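Chains as they are written, first to last, in this note's numbering: chain A, 54 to 164; chain B, 3 to 85. Working notes for the structure below.
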Amino acid sequence: MIDTVAGVLLVFGSALILLAGVGVVRFQSVFARMHSAAKAPTLGILAIAVGVALSVRSVAALVTALLVVVLQLVTGPVGTHLLGRSAYRRLPNDFDAGDELASNEGSGLDH
Amino acid sequence: MIVAAFALLALAGICFMVRLFIGPSVVDRVIAVDGLLMVITCGILVEVASDDSVAGLDTVLVVALVAFVGTGVLARYVERRGA
Chain A
54 MIDTVAGVLL VFGSALILLA GVGVVRFQSV FARMHSAAKA PTLGILAIAV
104 GVALSVRSVA ALVTALLVVV LQLVTGPVGT HLLGRSAYRR LPNDFDAGDE
154 LASNEGSGLD H
Chain B
3 MIVAAFALLA LAGICFMVRL FIGPSVVDRV IAVDGLLMVI TCGILVEVAS
53 DDSVAGLDTV LVVALVAFVG TGVLARYVER RGA
């Protein structure tokens, strides 16, 4: 029973990673691709880590899976924010509804 | 179950490789490499779950840390040098 739940969690997490991959290939702008690559895999890694902890059932596996999840939850948004800021400042952008960030804080290109 | 998880991860890896090849800017390629490292992380985790060997778990932590540091350094590079 527990092994079945663990297997379902592993497949669910892998499907979320695949969803991120499809989004990264299919989306049209840099920020849409970044959005796809940042959000779905967080839940995917969480599900896979829970599946590993349910499948192995030892203290070392539990602690390491917890560390992996915490590390992903902390570093994922930070890395994506760094990348998004550099893309906003250095890449030519064509936003659909105008550049609200630039109109809010002056020109966004000088720093 | 394990085979299905590995197959889904392999398809995800192919998707990220496609974006790595065709990505028009450096930022797209950084996103693709980040996703590939995520696929590697999940693949090691699934492998640990499949044969109950705890040895791969340390590798998972190292890969996740290297992915974060690499993304940060490359973002800083793009910001200083232009894409």
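Glycine included, every Cβ here is placed at the ideal spot set by N, Cα and C. Computed from a predicted structure; not experimentally measured.
| Local conformation of residue 45 (chain B) per DSSP, three classes | Your numbering for residue 45 (chain B) matches position 43 in the second sequence. Note: residue 45 (chain B) maps to helix in three-state DSSP.
| Hey, residue 89 (chain A) and residue 104 (chain A): beta-carbon distance below 8 Å or not? | Taking the first sequence and counting its residues from 1, the one referred to as residue 89 (chain A) is at position 36. Taking the first sequence and counting its residues from 1, the one referred to as residue 104 (chain A) is at position 51. Not in contact: residue 89 (chain A) and residue 104 (chain A) (Cβ atoms no closer than 8 Å).
| said: Give me the subset of the segment 85-96 of chain A whose CB atoms are less than 7 Å from a CB atom of chain B, sorted by chain position. | reply: 86, 87, 90 and 94
| request: Could you tell me which of B:81, B:61 and B:44 sits nearest to residue 69 (chain A), measuring between CA atoms? | output: For the purposes of this step, residue 69 (chain A) is taken as the residue at position 16 of the first sequence. It is B:44 whose Cα lies nearest to the Cα of residue 69 (chain A).
| Looking at C-alpha atoms only, which residue of B:68, B:59 and B:51 is the closest neighbour of residue 64 (chain A)? | The residue labelled residue 64 (chain A) in the question sits at position 11 within the first sequence. Measuring C-alpha to C-alpha distances from residue 64 (chain A) to each of B:68, B:59 and B:51 identifies B:51 as the nearest.
| query | Does residue 125 (chain A) get closer than 8 Å to chain B when you measure Cβ to Cβ? | reply | By 1-based counting over the first sequence, the position of residue 125 (chain A) is 72. Residue 125 (chain A) counts as touching chain B.
| said: Just checking: is the beta-carbon of residue 57 (chain B) within a distance shorter than 8 Å of some beta-carbon in chain A? | reply: In the second sequence, the residue the question calls residue 57 (chain B) occupies position 55. Not closer than 8 Å to any Cβ of chain A, the Cβ of residue 57 (chain B) fails to qualify, so no.
| task | Go through its chain and collect everything with a Cβ distance to residue 92 (chain A)'s Cβ below 6 Å, but skip five positions before and after it. | result | The sequence position of residue 92 (chain A) within the first sequence is 39, counting from 1. For residue 92 (chain A), where only same-chain residues beyond five positions count, there are no Cβ hits under 6 Å.
| message | For a cutoff of 8 Å on Cβ pairs, would you count residue 33 (chain B) as touching chain A? | response | The sequence position of residue 33 (chain B) within the second sequence is 31, counting from 1. With 8 Å as the cut-off, residue 33 (chain B) counts as an interface residue toward chain A.
| said: Between which residues of its own chain and residue 99 (chain A) is the CB-CB distance below 7 Å, once the five residues before and five after are set aside? | reply: Here residue 99 (chain A) corresponds to residue number 46 of the first sequence, with the count starting at 1. Counting only Cβ-Cβ distances below 7 Å, and skipping sequence neighbours, we find 122.
| Got a sec: is the Cβ-Cβ distance from residue 64 (chain B) to anything in chain A below 8 Å? | Against the second sequence, residue 64 (chain B) aligns to sequence position 62. Taking CB atoms only, residue 64 (chain B) has no neighbour in chain A less than 8 Å away.
| said: Does any residue of chain A have a CB that is nearer than 8 Å to the CB of residue 68 (chain B)? | reply: Here residue 68 (chain B) refers to the residue found at position 66 when the second sequence is read from its first residue. Taking Cβ atoms only, chain A never reaches closer than 8 Å to residue 68 (chain B), which makes this a no.
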